[in-house]
Each structure stands twice: as structure tokens, then as C-alpha cells.
Amino acid sequence: MTVIYTIQWLGLLLSAAILGSCPTPALAQTQIIVTPDLPPAPVVGGTVTLTPQPPPPPNATLCGWLRQSRTIFWHLLDQEQPSTGSSYTGREVLGPGCSLIIVGLMLNYSGSYTLQVQGPGVFIFRGVNLRVYGKLARPTVMSRRTTVPENGILELFGERPPSTRTLLWYRDGTVLRLDGHVEMSPGNLSLLLARVRRDDAGNYTCEVRNPISTARSEPVTVTVTYGPDAAFMNPSGLLSLRLGDKVTLRCAADSVPAPQFSWSHSGSDLIPAPAGAVLSLVLTSAEQAGVYECHVTNPSTGQNATASVSITLRLGQGPVQSQPGQTGGLQGGAITRAVDAGIIIGSLAGTGLLIFVLYYVLCTQGKRDPRLEKDPVAQQGAPCPAGVQEQPPLQPVRGQQVSGANDPLATVSAQIQPGSSPDPTYQMLQPGAPDLYQELRT
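Counted the way mature numbering (1 follows the signal peptide of the UniProt record, and there is no 0) counts, the sequence shown spans residues -28 to -1, 1 to 414.
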């Protein structure tokens, strides 16, 4: 132990003497090259070599390495073995060109390493920072609370495993950046949202990285409570309905957590109280008319909102007029029933009118089928409907003009036989009358 400290003090005295007697050379020319055996970075259990470039000049007489300002070893170049110091662990080896080889790396080998080279007119003092990395463990996200009211404060803390180089924060898979809304502590160990917004709700994770591995935490779900700002009713406005109609009222509101619903009619709570956001009614009484209100309450925020609809009842059977905001199911059914009833009534009325016209024509028509003259019963014709006066039968006489002769079909002679010649006297019944004989034959 005495030898070690003697050599260490000897090195310091030599350094002081050289610094005091010689000008300092351009130290920037020498660099320390870190070469891991497993690129891209030194890993736990691996090997790394620290090599000065360019190598020390031939007139150098002493070189040494320090870890965190503690001596690993000093080596007088004219001797075979170096002298070890307090930071020597047995895994350090002095290589060619005053290089340092470390085997079996551990995480606590990370830190600053310094090379010193001395000789006549030579002084090299160069340092390098060595980082040893291991496979990262999964980090953990912690929070005082994960349910935050709108405009409240959210603060999350991330665990930083050893050998972590970078820590990032994510919300729903999107990396968060520093801005006026998102704040982070040095090293990103904590995440702060001073005035939480509704869109800040989601799954938060932290991710740690180093050159050889990446690990991400389990998600922490953050819930932002808010609302309701307003309630909505469907259908809404003024509904004009009939007794016997059915109507369904639906209430909705944007709120987290889900709101509670209650219903009232004309200022009084409905009994029994409906459960949920849907109220179904069968309008069987005029007392059911009035204003129906839906009351929405968020038990977490204490906020509430109300929506209403007014229902009026009509006793008539006419079609219901659709009101703005009213759904078409109820009114459409009423209109369809009215149209169907109108079609049926119109069809019956048209059929009755047609029958009446046919009876009227048959009863007032003076023309008789010649084949009916042989059947006295058939000549009577069908009875006329009530209100229609039956015309007495005409008795045509040869050579005379009778009442109703203006109607050519009312002048008929029973003496005309099919195939006989027309009698001139028939042409004298009415001047200008049509040739009825020819018509009867046909």
C-alpha cells in the first residue's frame, strides 16, 4: 500500500515539475478512441479499449490512467509491469501504445477516464467519458391521482432505470413534446399538465432508451371529468298528438362519467320514476298533455342540465301535423291510417254512385229489347230506386204520334216483323224521324 501511494505522489510531483518547467504542447492533437467489442456501445459483461490517437511519442517515459480522478495504474515505460492504484479492480490491462483495456464491464465502470503521458518535452493530459449500458428493465409510471377534473392539475412520475440515456412520454401512442401546455422536469423524470383539458384523457406511458435496448412502461389511464354543459331531447319542441298515440322521448348529454337521468311532468316528478335516458308514453288521457323535462346530473362534477318537450293532445281524427324536431314514426303512422281510411271511404262512395247511375239509366231508358216484348214480366224491368219516378209504358198506334215521340226509341210497332217490308204509315209518325225499322232489324 505504501508503494502505491508513493508512486501516485511521484506521478503528481512529476506532473507539477513538468508543468512548471516546460511549455504545454498542443493537447488537442491527442484523442481517446473508445472501441467496444460489441458495437455500438460498451455493454455489461463486454470489453472496451481506450486508445490514444496518435500514440505517445518515443521520448515519453511515463503513462498512466485514472478513473474518476483516482489512479488505476502508472507505468514507467522502461519497466515491464505497471504500478496499480486505488481504482484498480483487476479487470484493467495496459495495452500497446499506452491503451487501456477493460474486460467484464459493469455499470459502475461508467464515468470519466483520464490519460497522462510524460517525458522530456512531453506532456499529454486527455480525458474521455465512458458509458456502460445494460439491457433496460421496464420502467414504472406513478401518479398521485389518475382521475382529474377539467382545468385541474395532472402530474406523472417516471422511473429511470440504470444506464438510461433517454426518457420519453407518450399519450395514446403519440410522443409528447414540451409546449405551453406540457411541461417536464430535467431529464423528463416527471410530466406536468397545469390546466387539464378534455382531450388530455387517455393512456400515458413512459419509454426509456439506450444504445442497446428500449423499454416502455405499462399504460396509466387518465380520466378527465367534465359536463354536462347541455342536455338534448329527441323529439324536441312542440308535439301535437292524439289520444291513443305512442311517443318515445330520448335524452342525451356529453358528460364524464356518465350522467344520471330523472324525469318530470309539468313541474312534478314522474311516479314511478323512469330509469335511464328513455321515456315511453301511451297517451290515454288528456292529463298527459303538458311539458316533459329531462334532468341530467354528473355526480362527480356536480354540474347539471335540463331539456324539455311540450305535448298537446287533440281529440279529432284528422292527420297529425308534424312539428319541427319531431320524429317521423308517430306522425307517419297517423297519416298512413288517415290515407287508408280515405281510400276505403272513397272507393265505397264511388261504387254506390256507379250503381245509382246504372239504375237510373235503366229505369229512364225507353228503349226495349224486341226479345223482351214476348215476355210481359221481363217488360216490367227492374224496380227503380227510391226517389226515381218510373215512366209509364208507351202504346204506339199506327199512323199516330204519341207522347214521347221525340225519342226515336219510344216509337215502336208490334206489327213489324223481321224480314217484312216497311209500312209507309210508319214514316208518317214524325217527319224527319230516323228509320227505326232498319235499326230494329239490326
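For every residue, glycine included, the Cβ atom is placed at its ideal position computed from N, Cα and C.
Within 7 Å, strictly: CB atoms of residue i and residue j
| i | j | result |
| --- | --- | --- |
| Ile74 | Ser59 | no |
| Leu165 | Asp172 | yes |
| Pro121 | Val180 | no |
| Tyr176 | Arg222 | no |
| Thr269 | Pro229 | no |
| Val192 | Val100 | no |
| Gly248 | Ser227 | no |
| Ile4 | Tyr105 | no |
| Val168 | Gly124 | yes |
Buried versus exposed call for residue i [16 or more other C-beta atoms within 10 Å across all chains shown]
| i | result |
| --- | --- |
| Asn182 | buried |
| Met78 | exposed |
| Ile243 | exposed |
| Phe328 | exposed |
| Leu108 | buried |
| Gly17 | exposed |
| Thr323 | exposed |
| Pro14 | buried |
| Leu320 | exposed |
| Pro111 | buried |
| Leu163 | buried |
| Pro24 | buried |
Residue i versus residue j - alpha carbon distance
| i | j | result |
| --- | --- | --- |
| Gly274 | Leu128 | 26 Å |
| Leu48 | Met156 | 51 Å |
| residue 423 | Ser280 | Look at the range of the chain in this structure, -28 to 414, and you will see that residue 423 is not part of it. |
| Gly376 | Cys335 | Low confidence applies to Gly376: its pLDDT is 43, below 50, so where it sits in the model is not reliable, and the reading given next is rough at best. If you take the alpha carbons of Gly376 and Cys335, they lie about 15 Å apart. |
| Arg39 | Glu52 | 22 Å |
| Gln298 | Ser208 | Reliability fails at Gln298, whose pLDDT of 37 lies under 50, so the model's placement of it is uncertain and no value is given. |
| Ser252 | Ala261 | 14 Å |
| Val94 | Pro28 | 9 Å |
| Leu72 | Gly91 | 19 Å |
| Gly67 | Leu22 | 9 Å |
| Thr136 | Ala224 | 49 Å |
| Ala310 | Ile317 | Note that Ala310 has pLDDT 43, beneath the 50 cutoff, so the model's placement of it is unreliable and no number is given. |
| Ala187 | Ser115 | 19 Å |
| Pro11 | Ser84 | 20 Å |
| Phe204 | Trp141 | 38 Å |
| Asp50 | Pro8 | 29 Å |
| residue 428 | Leu126 | Outside the modelled stretch of the chain, which goes from -28 to 414, sits residue 428, for which no answer is possible. |
| Pro271 | Arg286 | 40 Å |
| Val250 | Cys178 | 43 Å |
| Glu190 | Thr61 | 39 Å |
| Ala258 | Leu325 | 40 Å |
| Ser282 | Asn206 | 12 Å |
| Asp241 | Pro158 | 57 Å |
| Asn80 | Cys70 | 23 Å |
Sequence-distant residues of the same chain with beta carbon closer than 7 Å to residue i, five excluded per side
| i | result |
| --- | --- |
| His153 | Leu165 |
| Pro54 | Phe45, Trp46, His47, Leu66 |
| Val6 | Val20, Leu22, Val100, Leu102 |
| Val263 | Ser238, Ser280, Ser282 |
Neighbourhood of residue i by C-beta distance below 8 Å, restricted to the same chain and skipping five residues each side
| i | result |
| --- | --- |
| Gln1 | Pro26 |
| Thr256 | Leu215, Gly216 |
| Asn31 | Gly91, Pro92, Gly93, Val94 |
| Gly174 | Arg143, Asp144, Thr193, Val194 |
| Arg42 | Gly57, Ser58, Ser59 |
Residues near residue i by beta carbon distance below 6 Å, same chain, minus five either side
| i | result |
| --- | --- |
| residue 438 | Limits of the chain in this structure are -28 at one end and 414 at the other, which puts residue 438 out of reach. |
| Asn160 | Leu139 |
| Ala202 | Ala277 |
| Gly76 | Arg63 |
| Arg103 | Ser82 |
| Ile96 | Thr2, Val89 |
| Arg98 | Thr2, Ile4, Leu87 |
| His267 | Ser234, Thr278 |
| Thr284 | Ser212, Ala261 |
| Pro246 | Trp235 |
Check whether the segment 199 to 217 touches the segment 145 to 155, taking contact to mean three or more Cβ pairs, one atom from each stretch, closer than 8 Å.
no
Would the segment 25 to 40 and the segment 105 to 119 be scored as touching if the rule is three or more Cβ pairs under 8 Å?
no
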